Amino acid sequence: MTHRLVVLGATGLVGRTMLELIEARGFPTARPRLLASDRSAGRTMPWAGSRLPVEPVDEASFAGATVALFAGGNDVSRRWAPVARAAGAVVIDNSSAFRYDDDVPLVVPEINGDLLAARPTLIANPNCSTIAIVMALAPLLRGRRLTRIWTSTYQSVSGAGSSAVERLEEGLRATLAGKPAARGDGPPFADNVVPHIDRFEDNGYTREEMKIVWESRKILGVPDLAVSATAVRVPVRVGHSASVTAWFDPPLGPDEARREWATFPGLRVVDDPAESRYPMPMDAAGLDDVLVGRARVDLADPDALTFFVASDNLRKGAALNAVQIAEQWAARASGQPSVAP
Ligand SMILES: NC(=O)c1ccc[n+]([C@@H]2O[C@H](COP(=O)([O-])OP(=O)(O)OC[C@H]3O[C@@H](n4cnc5c(N)ncnc54)[C@H](OP(=O)(O)O)[C@@H]3O)[C@@H](O)[C@H]2O)c1
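Numbers 10 to 350, taken from my numbering, label the letters of the sequence shown in order.
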């Protein structure tokens with residue numbers, strides 16, 4: 010079966026990465042329809058050796074669509090998801106607009122792809138840091154309870170979209186020229202580390218930090234999981250990292266963790282400190298796998314396991330995960346039981 014695919018937000022960082030992956034992975038579609046805002050009218054994007062036009066989204070954009078990948082932000086998703094679903098498309102949404110709705114599955118195919126068996130017509134793609142963290146935790150849950158996580162993230166600037174990357178690059182040029190980076194809407198990204206992503210909530214945590222709390226619980230199916238997160242923007246173009254300390258009952262050690270990680274699809278163990286091999290965003294950028302390493306017994310609590318993850322936020326953190334969901338959804342639609350993520 011060939012799908013009539015629509016990509017909303019096709020000109021953005023996630024949208025462009027989705028297009029690349031759809032083509033490279035051979036998702037069954039002949040010619041995707043590319044949508045963005047009025048600002049992109051007249052633009053074209055590369056596809057299969059030629060170029061496709063980008064159209065401003067409107068009420069007729071989803072007519073005949075079977076699969077719609079959304080990467081336009083929360084307001085865009087809220088406005089257009091009902092229109093796409095009414096037209097008969099399944100919507101796979103990268104924004105956080107629907108992630109916390111009880112009737113919307115929040116899917117990482119390697120972990121809870123079985124939720125697609127219920128044929129949902131709106132599926133949420135999780136937060137980019139959360140995906141990497143739960144990918145490393147999920148294989149450790151076999152035969153154990155996860156009770157608590159403490160994490161600090163080191164998130165790249167591409168996580169904030171194309172305009173943020175331009176701001177980073179301008180700031181880097183300025184600082185190299187001996188000038189201060191301009192502040193813009195918030196603190197500069199260049200030559201800086203910013204413990205503020207998304208808005209502050211009343212509890213003193215940012216929305217980005219609360220996404221990690223709410224989404225880890227939902228994806229891992231542990232509603233009472235204790236989670237505390239600090240989310241930090243670092244001057245890296247692509248690749249999010251996180252330090253994670255996790256408590257399991259019964260506890261597990263680093264050797265056992267590495268054994269479980271080694272066989273889990275989508276994870277790659279990089280853990281040889283003596284050879285300076287550990288997960289880093291510059292190695293994760295461009296890769297599909299989430300890198301995991303620096304596994305060690307926590308010094309402050311020997312019952313806890315501490316480790317480090319790095320992943321490409323535009324790929325597994327967003328576009329790849331969404332395309333994997335589309336692949337699994339399409340395989341089930343054509344009667345195949347499932348495909349490997
Ligand atoms: N970047 C990441 O690492 C990441 C990870 C996980 C999830 N996400 C989520 O993915 C979504 C896209 O992020 P991004 O980083 O790709 O952002 P981006 O680079 O800023 O791209 C935004 C896209 O949305 C389109 N858009 C904006 N306003 C629109 C409107 N009113 N109508 C139609 N299209 C509109 C833009 O089109 P124009 O070019 O025409 O303006 C562009 O194609 C966001 O919800 C983000 O939270 C991002």
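Every residue, glycine too, gets a C-beta built ideally from N, C-alpha and C. Keep in mind the model is a prediction, meaning the values are calculated, not measured.
Alpha carbon to alpha carbon, how far is residue i from residue j?
i: Ala266; j: Val222; result: 22 Å
i: Thr11; j: Ala33; result: 16 Å
i: Arg277; j: Asp200; result: 30 Å
i: Pro204; j: Tyr214; result: 10 Å
i: Glu68; j: Arg88; result: 10 Å
i: Arg48; j: Glu64; result: 10 Å
i: Asp281; j: Tyr287; result: 6 Å
i: Pro91; j: Val116; result: 20 Å
i: Pro244; j: Ala45; result: 28 Å
Residue i: beta carbon under 6 Å from a heavy atom of ligand 1?
i: Ser59; result: no
i: Gly97; result: no
i: Ser250; result: no
i: Ala327; result: yes
i: Gly398; result: Limits of the chain in this structure are 10 at one end and 350 at the other, which puts residue 398 out of reach.
i: Ala77; result: no
i: Ser320; result: no
i: Ala133; result: no
i: Gly51; result: no
Can you tell me whether DSSP reads residue i as helix, strand or coil?
i: Gly203; result: The question names Gly, but residue 203 is Val in the sequence shown. Strand, per DSSP.
i: Val76; result: strand
i: Asp67; result: coil
i: Leu30; result: helix
i: Thr184; result: helix
i: Arg192; result: coil
i: Pro118; result: helix
i: Met144; result: helix
i: Arg151; result: coil
i: Arg128; result: coil
i: Arg277; result: strand
Query raised in the report: Touching or not, the region 301-309 and the region 180-199, by the rule of three or more beta carbon pairs under 8 Å?
Result: no
**Report entry** Stretch-stretch touch, CB-based, cutoff 8 Å, three pairs: the region 131-151 with the region 246-258
**Finding:** By the Cβ criterion, the region 131-151 is in contact with the region 246-258, since at least three pairs of Cβ atoms, one from each stretch, lie closer than 8 Å.
Query raised in the report: Are there three or more Cβ pairs, one per stretch, closer than 8 Å when the region 155-163 is compared with the region 225-240?
Result: yes
Query - Stretch pair the region 170-184 + the region 323-333: three plus CB contacts closer than 8 Å - result: no
Query raised in the report: So, do the region 69-76 and the region 102-113 have three or more beta carbon pairs nearer to each other than 8 Å?
Result: no
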